[in-house]
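Q: Just so you know, numbering that gives the first Met the number 0 puts 117 at position 118 of the sequence shown, and the rest follows in order with no gaps. In this text, a Cβ means the ideal position worked out from N, Cα and C, and glycines have one as well. Note that the coordinates shown come from a computational prediction; the quantities given were computed from them, not determined experimentally. Encoded as structure tokens, here's the structure I'll be asking about.
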Amino acid sequence: MRLSWLVITIAAAATLVVAGCSGSRVAADAATQEVALTLQTGMAGGRMVYVGVGGDIDGQINPDLEVEAGSRVRITLINDDGMAHDFSVPAFGAKTPIISAHGSEAEVAFTIKRGQEGTYDYFCTLAGHRQAGMEGRLIVR
0 MRLSWLVITI
10 AAAATLVVAG
20 CSGSRVAADA
30 ATQEVALTLQ
40 TGMAGGRMVY
50 VGVGGDIDGQ
60 INPDLEVEAG
70 SRVRITLIND
80 DGMAHDFSVP
90 AFGAKTPIIS
100 AHGSEAEVAF
110 TIKRGQEGTY
120 DYFCTLAGHR
130 QAGMEGRLIV
140 R
């Protein structure tokens, strides 16, 4: 009888410890939301542009990329025109490698901390590309 009571007590304590650890992990994961966005390069109205792929930005030219502060953001860039391009958000030190082959992809990931709410520029850093239309806004709420 004493052994059963001891086993039940240890099992209950272990369950509480595991539940406490799990709860902390869930809270930490919930604080950092993952946001994955995809853009492809293209031409529209005689200008170089980024075109949104999937979700709310699908088909939009130079879409506003809206994310929450505290998010981990992953941007995938797909080359759809065979010219050299990249994607950059200088305010967060985020920049993809240059890609030039049609169908090639590059990715950059960065974290936006709480307190960094605001509007930030994104653009292609290659000479003349931003001026030719490859720019948009990253909006952090």
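By the 10 Å Cβ neighbour count, where 16 or more other Cβ atoms means buried, how is Asp55 classified, buried or exposed?
A: Position 56 of the sequence shown, counted from the start, is the residue given in the question as residue 55. Burial call: exposed.
Q: Starting from the Cα of Val66, find the closest Cα among Gln115, Asp85, Leu38 and give me that residue.
A: By one-based count along the sequence shown, residue 66 stands at place 67. Answer by Cα proximity: Gln115.
Q: Give the secondary structure of Asp55 by DSSP, where H, G and I count as helix, E and B as strand, and everything else as coil.
A: Within the sequence shown, numbered from 1, the residue matching residue 55 stands at position 56. Asp55 falls in the helix class under three-state DSSP.
Q: For Phe91, which of helix, strand or coil comes out of DSSP?
A: Along the sequence shown, one-based indexing puts residue 91 at 92. Phe91 falls in the helix class under three-state DSSP.
Q: Tell me whether the region 117-129 and the region 102-109 touch, counting them as touching only if at least three CB pairs, one residue from each stretch, are closer than 8 Å.
A: The region 117-129 is not in contact with the region 102-109.
Q: Roughly how many angstroms separate the alpha carbons of Gly45 and Ile60, rounded to a whole number?
A: On the sequence shown, residue 45 is found 46 positions in, with the first residue counted as 1. On the sequence shown, residue 60 is found 61 positions in, with the first residue counted as 1. Each residue's Cα considered, the two are about 12 Å apart.
Q: Taking 6 Å as the limit between beta carbons, can you name the residues of its chain near Asp166, skipping five residues before and five after?
A: In the structure as shown, the chain begins at 0 and stops at 140. Residue 166 is therefore absent and cannot be evaluated.
Q: Count the other CB atoms, across all protein chains shown, that sit within 10 Å of the CB of Asp57; report buried if there are 16 or more and exposed otherwise.
A: Numbered from its first residue, the sequence shown carries residue 57 at position 58. Answer is exposed; the Cβ neighbour count stays below 16.
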